[in-house]
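Read through the structure below, which is laid out as structure tokens, and then see the notes.
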Amino acid sequence: DNRIRPPQAKRIAKGQGPMGHLVFSPDGEWMLADTYIEEGYQSLALVKAATGEVRVIGKFRNDGPFGETRCDLHPRWSADGSKITVDAKHDGKRAIYYLECDEKVKF
Numbered sequence: 098d099n100r101i102r103p104p105q106a107k108r109i110a111k112g113q114g115p116m117g118h119l120v121f122s123p124d125g126e127w128m129l130a131d132t133y134i135e136e137g138y139q140s141l142a143l144v145k146a147a148t149g150e151v152r153v154i155g156k157f158r159n160d161g162p163f164g165e166t167r168c169d170l171h172p173r174w175s176a177d178g179s180k181i182t183v184d185a186k187h188d189g190k191r192a193i194y195y196l197e198c199d200e201k202v203k204f
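Here my numbering = 1-based position in the sequence shown + 97.
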């Protein structure tokens, strides 16, 4: 049978609440994700791709999803996987934040 079959989806994590903007690390072992705003903060999470284990590695102030300064984290990895940038309004204004991602952050 030479028919092309669509890829099969596999759930890797459940019960973690809504996450979005997932992006794989350059080595494919990790994913970064952001969460919806909860109690004035949005979380940045690291997800182990093989197991779905989740670790929150940062929380950023976010006073709401509407208005001129609406901002999701949209996490991104550096090419070598050692740094992360996020969009945030943690200080009340939209800005790009730069974070080191050393081995202590990873599981």
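Note that the Cβ used here is the ideal one computed from N, Cα and C, for glycine as well.
| Asked | Found |
| --- | --- |
| With DSSP as the reference, label I154 as helix, strand or coil. | strand |
| Would A185 pass as a contact of C168 if the rule is Cβ separation under 8 Å? | yes |
| Measuring CB to CB, does G178 end up less than 8 Å from D124? | yes |
| For the beta strand (DSSP E) containing A142, list its first residue and its last residue. | Y138 to K145 |
| Give me the residue from Y133, H171, F121 and S175 with the minimum Cα distance to G149. | F121 |
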